[in-house]
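Report on the structure given below.
Okay, structure coming up:
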């Protein structure tokens, strides 16, 4: 007579298996040949549950009962309760080879074994409200933390490459599995980590844009100061350039730009006084390759 052998689960989320964009079904399984009683997740990923059945199950040598996606603790409790019923099934099984069966034969149950099988169905129903494993999007999982905190916790920076994110995702999964009371599995971890990393990169881009704006304002201020000092006809272009950190040739070019802008401003003022619209004037100047000075644009009505 075969004795039931219970195989308990260790990891809290041991029954969770995700493949082909779906969570795989879970079963209580009894091997009538060796007595192994275990909770398992479906291994086949291409067939629906009703078709993903091994030949040993089809010929009755393995009995399967669909169960909820239980935590390891709940599944182990079910296994313990199911043990005596499984033993009754083992006591009443007869495996014989028939003309149409495989070499290992077909299993048949006596009356008490069938009754135990039915009682197992009833027992499993009582576990419908037991603790189960659920999926939780990574963004929800970290809802109470700022992305920058996540980045600091896991050493993610704007320069982190995808290989680094892959490693962090594996570490997060391992941390969850190691949790004694884990009842959920975070999903979309890698995508979430990419969002965190990309957010840091966007912050760097924004900083660069801000620095560029500041530089443009400072450059405009510098040029005005150069022109003002140069208008005194006291300091040489070389001495002005030394103060500004530019060459004397650049000082001269800045002065030329100022003179050119002055001519443009005078033309704009003249045409506005004649009733021309500023947009029309700007379009005409742009067509001639002449840009409207920024301070003139800002001061226009």
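In our numbering, the protein residues as written are 239 to 539. Where is the CB? At the ideal position from N, CA and C, for every residue including glycine. Just so you know, these numbers come straight off a predicted model, no measurement behind them.
Contact check for residue 244 against residue 330 fails: the beta carbons are separated by 8 Å or more. Restricting attention to beta strand (DSSP E) runs no shorter than 3 residues, the segment 383 to 411 encloses none. Membership of residue 303 in the beta strand (DSSP E) is indicated by the continuous run 300 to 305. Segment contact: the segment 369 to 376 against the segment 420 to 427, three or more CB-CB distances shorter than 8 Å; contact assigned. Taking C-alpha positions only, residue 393 is separated from residue 257 by approximately 29 Å.
Residue pairing from DSSP places residue 346 in a beta bridge opposite 332. Ranked by Cα distance from residue 349, the first of 361, 328 and 254 is 328. Apart from sequence neighbours up to five positions away, the residues of its chain that approach residue 276 with a beta-carbon distance below 6 Å are 245 and 267, ordered along the chain. One alpha carbon belongs to residue 483, the other to residue 448, and they sit about 22 Å apart. Cβ-Cβ distances below 8 Å link residue 241 to 273, 325 and 328 in the same chain, with the five nearest sequence neighbours on each side left out; the list follows chain order. For the set 470, 469, 490 and 471, the Cα lying nearest the Cα of residue 479 is the one of 490. If you draw a 10 Å sphere on the C-beta of residue 376, you find 16 or more other C-beta atoms in it, and that means buried. Apart from the 5 residues on each side of it in sequence, residue 407 sits with its Cβ closer than 7 Å to the Cβ of 427, 428 and 431 in its chain, given in chain order.
The continuous beta strand (DSSP E) containing residue 423 extends over residues 422 to 425. Contact annotation: residue 396 and residue 438 have beta-carbon atoms nearer than 8 Å. Closest by C-alpha distance to residue 306, out of 261, 270 and 344, is 261. In the three-state reduction of the DSSP assignment, residue 512 falls in the coil class, being assigned neither a helical nor a strand state. Taking residue 254 as the centre and dropping the five residues before and after it, the same chain places the C-beta of 371 and 423 closer than 6 Å to its C-beta, in chain order. For residue 260, the secondary structure class from DSSP, reduced to helix, strand or coil, is strand.
Residue pairing for residue 375: DSSP places it in a beta bridge opposite 425. Leaving aside the five residues that flank residue 473 on each side, the residues in its chain whose CB is nearer than 7 Å to its CB run, in chain order, 467. Taking the Cα positions, residue 301 is about 48 Å away from residue 399. Where residue 243 is concerned, the enclosing beta strand (DSSP E) starts and stops at 243 to 245.
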